[in-house]
Amino acid sequence: MQKIDDIDRKILDILIDNTRTPFTDIAKRLLISAGTVHVRVKKLEDSGIIKGSSLNLDYNLLGYNFVAYIGVLADRSGQSYDILESLKKIPNVTVAHLMTGKYNVICKIRAKDTKHAKDVIMEIEKIAGIQRLESMISLEESINDKKRLMKSIFTELTPKSRVNTNNGEDRST
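Every number in my numbering is 14 more than the matching position in the sequence shown, counting from 1.
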């Protein structure tokens, strides 16, 4: 597990809110130089903690209001990777997970409406090796909070502060 210090945590906290925040703005908020921010972000990228930045679209404004999760049961579990490869070719499949339990794969689809979703589901049904599908329609996205988990992870990864004891020695708390 990679350790990060308090400054790294604060930089990440700002970037989670807006990945496009200029390094100069981050530097001003944290009272450090923009060069320090640049070096630290580069270190976080090189270590793999930061894996690029992403664009966050509002699909509803683009007309893709329908979200469903599709449970995929394969004929044989060994076919799961072939099914995943086929799912990659369907643009409306935005997320797919290899699973244990009732389904071999669960994927998320976005569509314009129920008819469009039906067309996407029918396209998924054509994939070789699928025994059965089950669709679950999302009524609303109630929780989408990356920061909540990140704050917990930051607490785990940030070294404990040091306190000065009566005899002058530093000791971890």
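The C-beta atom is built at its ideal place from N, Cα and C for all residues, glycine as well.
For Phe168, same chain residues with a beta-carbon under 8 Å away, outside a window of 5 residues either side, are Ile18, Arg23, Leu26, Asp27 in chain order. Judged by beta-carbon spacing, Thr33 lies beyond the 8 Å limit of Ser61, meaning their Cβ atoms are not closer than that value. When the alpha-carbon of Asn79 is set against those of Asp159, Glu155, Glu170, the nearest one is in Glu155. The three-state reading of DSSP puts Met164 in helix, counting H, G and I together. Looking from the CA of Ser91, the closest CA among Gly143, Met164, Ile63 belongs to Gly143.
Assignment of alpha helix (DSSP H) within the stretch 111-170, counting only whole runs of 4 or more residues, yields 128-139 in chain order. In the DSSP assignment, Tyr95 falls within the alpha helix (DSSP H) that extends over 94-101.
Of the candidates Lys65, Asp20, Leu87, Leu87 places its Cα closest to the Cα of Glu148.
Contact between the stretch 44-56 and the stretch 107-114 is not established, with fewer than three Cβ pairs separated by less than 8 Å.
Distance from the Cα of Tyr73 is smallest, within the candidate group Ala125, Met136, Ser94, Ala131, for Ala125.
Judged by beta-carbon spacing, Lys129 lies beyond the 8 Å limit of Thr108, meaning their Cβ atoms are not closer than that value.
When only Cα atoms are considered, Ile138 and Val81 end up about 15 Å apart. Short of 6 Å from the beta carbon of Ala48, and not among the five residues preceding or following it, lie these beta carbons of its own chain, in chain order: Phe37, Thr38, Ala41.
Put simply, the backbone Cα of Leu101 is about 15 Å away from that of Ala131.
Straight across, the Cα-Cα distance linking Val119 with Val134 is about 16 Å. For Ile64, there is no enclosing alpha helix (DSSP H), as DSSP marks it with neither H nor E. Around the beta-carbon of Asn106, 16 or more other beta-carbon atoms lie within 10 Å, marking it buried.
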